[in-house]
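Engineer: What follows is a structure written as structure tokens; I'll ask about it next.
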Amino acid sequence: MIPVLGARAMRAADADAIREGTPSEVLMENAASALARELQRAFPGWTRVVVVCGPGNNGGDGLAAARLLAFAGVAPSVFTLGDPAAYTGGAAVNAARARALGLTLRCLGEAGELGRFRRALRECDGIVDALFGTGLARALTGGARRAVAAINAAGRPVICADIPSGLSADRGTLLGPAVRAAVTVAFAAPKPCHILPPSSGLCGRVVVADIGIARRILARRAGRLWLAEAEDVRALLPPRPLDSHKADFGRLAVVAGSRGKGGAAILAARGALRGGAGLVTVFCPESLEPCVVAALPEAMTSALPESHGALPERAAREGIRALRGFDAVVAGPGLSTAAETVRFLEALVAGTRLPLVADADALNAFAGRPQFFARRLGPVVLTPHPGEAGRLLGITSAAVQADRPGAARALARKSRAVCVLKGAHTLIAMPSGEVIANPTGTPLLSTAGSGDVLAGLIGALLAGGLAARDAAVAGAWLHGAAAEALAPRLGDAGLLAHEAADAIPEARRRLREAAAAS
């Protein structure tokens, strides 16, 4: 896991590294090297760039990067927000080095320079944004605001030093206007703004660069927010033995479906099978059984008594008895929130100790009372989207989105469950307060049924023996990676949820092959 550090923690980590013998100028040079290296890797055809530098250390990173790009044959036009003579510390050193190389530092505050800046932006291949880093805590005004507006209006790709200027490192909400990046090079560690929307939407592709701060220092300064890595997921999914048997990989029950919503049961079961479950049985209203068999013959079925097309309370005893011998259960996709079905779910959740994935209507049934899950003796994974999380917590979905880590933590704490808050950079929260952000995924997943597939996938991993935390992390990662694999063909819209399910094995194979190639 990569620690995600806010502004204060990052300053402390910088100070720790300096105290332990890494000079601040070395950290700045390493950051600039990472920025220049990524620019040349991501945009190999660039020959003319505009580098715009702020008044602090982020500006110093930009000045050093301009010098390194010039050495590499890329022609930089360098603009500073304030008087270059006002730089101090490492930034002053790099301003002097840039001048010694023959670079002209043009101050945007001087007469005519803003117009020159705009012309340079129109004529360049791309832009390096080094205006502001982790220290920004308020909306941009004056010359900084005008500079950002000019950058965004230029229509050129932007690579940002650490953070797109205008964003707060510590939050996902926007302070005001900010640079729209194609690539952001995060120095030493990702920041909350890189993974929390809507700020994360302005960061483009985020590359985390080692600048010489030891991993143990970053871990020591870490709070409770982490970013999952491919290596973390790979370790949870070892290759299967040659002599393995379907019973070795878990028996999963999927309790799902009602009249008009049989597809949710089918998609959850498909996600489970593609996720590697050895055996999957769909428990559904008896009238839906033929549909499930026809659509997914690989799954078994168990028909339960129904009332008006949904599962009533009287079906709970039979269902609980039939769950003996299973390793985990997914409940909720397409079940409905009829009063009788709510009572069925109450009995089911309380009546079994199996590891449980509660999704969709198994969440809506407990709106305003997440503590119901805390009384269970077995592990629980909740998989809400922001609307469902809001209903559980008694707040609006807008309030959930305004503080996604806080909402995920509150729900995990109140339910004593692992909470998978779906969305851009899905968050996996533990009752302890730890939150893990998932780095994979695309807008393709914004389609009906993708959550059903995810619930089935997490259920398969639970049934296969993973702990609730690990199943949630691995499931979210694979689900997002499956959609990423389809993006080159589909773009950002038009995914059918079953296609995401069918791409899961390929995502798992690529994960393993990436390790073999490294």
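Each residue of the sequence shown is one higher than the last, beginning at 67 in the numbering used here. Using N, Cα and C, we set each Cβ at its ideal position, and we do this for glycine too. Treat the numbers as computed from the prediction; the structure is a model and nothing was measured.
Mapping the DSSP letters down to three states, classify G192 as helix, strand or coil.
Structural biologist: Three-state result, G192: strand.
Engineer: Which of helix, strand or coil does DSSP assign to W543?
Structural biologist: Reduced to three states, the DSSP call for W543 is helix.
Engineer: Ignore the nearest five residues each way along the sequence and tell me which others in T506's own chain have a CB closer than 7 Å to its CB.
Structural biologist: Taken in chain order, the residues that qualify are W543, G546, A547, E550.
Engineer: For A227, does the three-state DSSP call read helix, strand or coil?
Structural biologist: Correct three-state label for A227: strand.
Engineer: How many Å lie between S353 and G375 at the Cα?
Structural biologist: Approximately 7 Å, taken between the alpha carbons.
Engineer: So, for P256: in the same chain, excluding its five sequence neighbours on each side, which residues have a beta-carbon less than 7 Å away from its beta-carbon?
Structural biologist: Result list for P256: I68, V70, V272, V274, L293, in chain order.
Engineer: At what residues does the alpha helix (DSSP H) containing V408 begin and finish?
Structural biologist: First-last of the alpha helix (DSSP H) with V408: 405 to 417.
Engineer: Taking one C-beta from the region 288 to 307 and one from the region 400 to 410 each time, how about it: are there three or more such pairs within less than 8 Å?
Structural biologist: No contact exists between the region 288 to 307 and the region 400 to 410.
Engineer: Taking the alpha-carbon positions, what's the A280 to G270 distance?
Structural biologist: Distance between the alpha carbons of A280 and G270 is about 26 Å.
Engineer: From L105 to I225, what distance separates their C-alpha atoms?
Structural biologist: Roughly 7 Å separates the two Cα atoms.
Engineer: Decide if the region 238 to 257 is in contact with the region 199 to 213; the criterion is three or more beta carbon pairs, one per stretch, under 8 Å apart.
Structural biologist: Yes: at least three Cβ pairs fall under 8 Å.
Engineer: Cα-Cα, which of E454, D518, D536 is closest to E295?
Structural biologist: The candidate whose alpha carbon is nearest that of E295 is D536.
Engineer: To which residues of the same chain is C119 closer than 6 Å at the C-beta, ignoring the five residues directly before and after it?
Structural biologist: Closer than 6 Å at the Cβ level, and outside the excluded window around C119, lie G125, G128, L129, T146, A196.
Engineer: Starting from P142, trace the beta strand (DSSP E) both ways and give me its first and last residue.
Structural biologist: Here the beta strand (DSSP E) through P142 covers 141 to 146.
Engineer: How many angstroms separate the CA atom of T154 from the CA atom of G87?
Structural biologist: Looking at the two C-alpha atoms, the distance is approximately 21 Å.
Engineer: Nearest by alpha-carbon distance to P258: which of A335, A322, I229, R246 is it?
Structural biologist: Here the closest residue by C-alpha is I229.
Engineer: Please report how far the alpha carbon of G444 lies from the alpha carbon of A468, in whole angstroms.
Structural biologist: Cα to Cα, the separation comes out at about 31 Å.
Engineer: Using the beta-carbon count (16 or more within 10 Å), is G328 buried or exposed?
Structural biologist: Buried is the call here.
Engineer: Between the C-alpha atoms of A319 and G525, what's the straight-line distance to the nearest angstrom?
Structural biologist: Cα to Cα, A319 sits roughly 9 Å from G525.
Engineer: Counting only the same chain and skipping the five closest in sequence on each side, list residues whose C-beta sits under 6 Å from that of L411.
Structural biologist: Once the five neighbours on either side are set aside, the close Cβ partners of L411 are A428, A431.
Engineer: Got a sec? Which residues, its chain only, sit under 8 Å from G111 by beta carbon, not counting five neighbours each side?
Structural biologist: Once the five neighbours on either side are set aside, the close Cβ partners of G111 are D191.
Engineer: Using only the alpha-carbon positions, how far apart do R340 and G499 sit?
Structural biologist: Near 31 Å, if we compare the C-alpha coordinates of G499 and R340.
Engineer: Can you list, in chain order, the stretches of the beta strand (DSSP E) that have 3 or more residues and sit fully within the region 228 to 309?
Structural biologist: List check, beta strand (DSSP E) in window: 249 to 253, 271 to 275, 291 to 293.
Engineer: Comparing alpha-carbon positions, which option in A440, L459, P421 lies nearest A433?
Structural biologist: Looking at the Cα atoms, L459 is the closest of the given residues.
Engineer: Does the beta-carbon of A152 have 16 or more other beta-carbons within 10 angstroms, so that it is buried, or is it exposed?
Structural biologist: By the 10 Å Cβ count, A152 comes out exposed.
Engineer: Could you tell me which of G175, R74, A529 sits nearest to G342, measuring between CA atoms?
Structural biologist: Of the listed residues, the one whose Cα sits closest to G342 is A529.
Engineer: Quick one, which of L169, A235, I217 has its alpha-carbon nearest A248's?
Structural biologist: Among L169, A235, I217, the Cα nearest to that of A248 belongs to I217.
Engineer: Bridge partners for V136 per DSSP, in chain order?
Structural biologist: First, the residue type needs correcting, since residue 136 is Ala and not Val in the sequence shown. None, per the DSSP bridge assignment.
Engineer: Which runs of the beta strand (DSSP E) spanning at least 3 residues fall entirely within the region 494 to 530, listed in chain order?
Structural biologist: Correct list: 501 to 503.
Engineer: Is the Cβ-Cβ distance between A521 and R482 less than 7 Å?
Structural biologist: Cβ distance not < 7 Å, so A521 and R482 don't count as in contact.
Engineer: Assuming A330 and A338 make a contact with CB atoms under 8 Å, what is their CB distance in whole Å?
Structural biologist: That pair is no contact at about 13 Å.
Engineer: Determine, using beta carbons only, whether R172 and V501 come nearer to each other than 7 Å.
Structural biologist: Contact flag unset, no.
Engineer: DSSP three-state label for L105, please.
Structural biologist: DSSP places L105 in helix when its eight states are reduced to three.
Engineer: Could you round the C-beta distance between G201 and A73 to whole angstroms and report it? I think they count as a contact, below 8 Å.
Structural biologist: Contact flag correct, Cβ pair sits at about 7 Å.
Engineer: When burial is assigned at 16 or more other CB atoms within 10 Å of the CB, is L377 buried or exposed?
Structural biologist: So L377 ends up on the buried side.
Engineer: Among L552, A360, M94, which one has its Cα closest to the Cα of A158?
Structural biologist: Here the closest residue by C-alpha is M94.
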